[in-house]
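Under UniProt numbering, the residues of the sequence shown are numbered 1 to 302, in order. All residues carry an ideal CB built from backbone N, CA and C; glycine is no exception. Since the model is a prediction, treat every value here as computed from it, not as a measurement.
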Amino acid sequence: MAETVVSDLKWGVRKRLEFIEFRLFWDGRLNRGDLADAFGMSHQQASSDFGTYQKFAPDNLVYDNALKAYIRTPEFYPVLIGDNSDRYLLQVVAIHSGWMQKEDTWFDQLPPVEVVTLGRKPLNTTNLLAVLDAIRERKKLQIDYRSMTGTPESWRWIAPHAMSFCAGRWYVRAWSEEHNDFRDYSLGRILETRGSTPASGFSALDYEWAQRINLIIRPNPQLSEDRQRAVEFEYSMVNAEVLVPVRLSLSFYLMSEHNLDVQPGQLLPEKQQLVLKNRQDVEDARRLARQMSKEALKRGGA
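Printed below as a string of structure tokens:
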């Protein structure tokens with residue numbers, strides 16, 4: 001019944017009802033004035049929206065005469081915005097990091113939060129747009145890049161075909177004209193972009209990107225039993241394992257982030273809480289996929 005009512009709502013009405021639910025869920029209360037001020041409408045229209053919300057979520061709110069506000073009930077269950085704590089916390093981080101303004105969200109009061117980060121330089125919007133355009137239009141792009149490999153030449157041609165986010169960085173996956181191979185380029189190390197030309201459709205030869213593998217991750221057996229159980233709980237492990245499907249080309253970053261590429265015993269267990277059960281299988285698969293791409297490119301795929 002509720003789903004039928006929600007599906008019939010106009011977009012503007014649904015957004016206002018989502019606002020009601022957001023404030024009830026995360027702040028515990030709101031009144032007609034909050035809704036009216038947020039959307040620039042009359043208190044009469046706000047009252048109507050509260051009535052509409054109560055039609056399909058009657059157990060979610062009750063009016064408190066003393067507070068002159070609607071409050072969240074113990075039986076509250078979100079039917080519009082979902083029970084998504086990560087979305088809430090990501091917005092909190094974004095506001096404290098200066099990526100978003102509080103006015104761009106539906107927050108009333110923010111919880112006391114301290115965000116600790118090294119604070120990398122914000123990504124250049126012009127460069128990002130150039131990369132996105134090149135991916136969408138299947139073009140090669142010339143970039144001024146600061147490499148960690150010591151390559152002296154800064155300007156190079158790449159043909160980007162995808163993006164990824166790993167270990168706190170954004171990367172563009174692209175064919176490198178210089179190396180005749182597929183590489184990951186950190187968007188934060190692109191200084192400038194210029195020019196673009198049509199690229200051959202050879203992104204399918206990026207086997208390391210196309211193929212996926214399950215990382216079988218377990219608690220470090222050198223941890224105490226209690227700490228192993230804590231790790232199992234944190235990562236929702238079943239039978240002391242969790243399977244993480246990942247593209248072969250991205251497995252390197254996840255392994256590096258969690259020290260999965262380090263042989264157990266070389267670090268203190270507290271510094272290596274997770275171990276990779278099938279590490280050799282992952283490394284072999286990545287090596288084979290990389291070799292397959294190189295051979296296909298040599299045969300004239302590029």
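Assuming residue i is part of the beta strand (DSSP E), what are its boundary residues?
i      : result
Phe182 : 181-186
Ile143 : 139-145
Asp64  : 61-64
His161 : 155-166
Thr73  : Note, Thr73: premise wrong, no beta strand (DSSP E); not H, not E.
Ala174 : 169-176
Thr105 : Element bounds for Thr105: n/a, residue is neither H nor E.
Glu114 : Premise fails: Glu114 is in no beta strand (DSSP E) and is neither H nor E.
Arg194 : 190-198
Leu274 : 274-276
The alpha helix (DSSP H) that contains residue i, what's its start and end?
i      : result
Phe39  : 32-39
Met292 : 279-296
Asp27  : 11-27
Ile95  : 85-96
Thr52  : 43-56
Going by C-alpha distance, which of the options is nearest residue i?
i           : options                        : result
Val244      : Ala130, Val13, Leu274, Ser85   : Leu274
Ser154      : Ala204, Ala162, Thr193, Val116 : Thr193
Leu61       : Glu75, Ile216, Glu295          : Glu75
residue 312 : Gly82, Thr105, Arg29, Asp86    : Here the chain comprises residues numbered 1 to 302, so residue 312 is not present and cannot be evaluated.
Arg169      : Arg299, Gly188, Glu208         : Gly188
Glu178      : Ile216, Leu141, Trp209         : Leu141
Pro78       : Ser97, Gln45, Phe56            : Phe56
Gln263      : Gln222, Ala230, Val231, Glu234 : Gln222
Glu293      : Arg146, Asp284, Ala204         : Per the sequence presented here, residue 293 reads as Ser, with Glu not at that position. Cα-wise, what sits closest to Ser293 is Ala204.
Pro198      : Asn180, Arg138, Lys10, Ala210  : Arg138
Lys298      : Tyr171, Ser196, Phe182         : Phe182
Ser176      : Trp157, Ala162, Ala167         : Trp157
residue 318 : Phe202, Leu215, Ala162, Lys121 : The shown model of the chain, from 1 to 302, leaves out residue 318, and the question about it has no answer.
Arg218      : Val238, Asp206, Gly201, Asp226 : Val238
Ile216      : Val282, Gly265, Tyr171, Ser196 : Val282
Gln266      : Asn220, Ser224, Ala240, Glu241 : Asn220
Ala210      : Met148, Asn84, Arg173, Leu9    : Arg173
Ala167      : Leu110, Leu35, Ser186          : Ser186
Ala134      : Tyr70, Ser200, Asn84           : Ser200
Ser196      : Asn214, Arg279, Glu241, Ile143 : Ile143
Leu254      : Arg279, Pro269, His43          : Arg279
Trp99       : Glu295, Asp86, Gly119, Ser85   : Gly119
Asn127      : Asp226, Tyr171, Leu17          : Tyr171
Glu241      : Ser256, Trp11, Asn214, Pro269  : Asn214
Asp104      : Asn124, Ser256, Phe39          : Phe39
Leu35       : Arg87, Tyr70, Asp226           : Tyr70
Asp83       : Thr125, Glu18, Ser42, Glu295   : Glu18
Are the beta-carbon atoms belonging to residue i and residue j less than 8 Å from one another?
i      : j      : result
Arg247 : Arg212 : yes
Tyr63  : Ile20  : no
Lys271 : Asn259 : yes
Asp184 : Ser251 : no
Glu234 : Arg290 : no
Phe25  : Ile81  : yes
Arg146 : Leu191 : yes
Asp49  : Val13  : yes
Leu110 : Lys102 : yes
Trp106 : Arg23  : yes
Asp108 : Asp27  : yes
| Runs of alpha helix (DSSP H) wholly within the segment 203-248 (minimum 4 residues, chain order) | 207-210, 225-234
| Taking three-plus beta-carbon pairs below 8 Å as touching, is the segment 92-99 in contact with the segment 112-121? | yes
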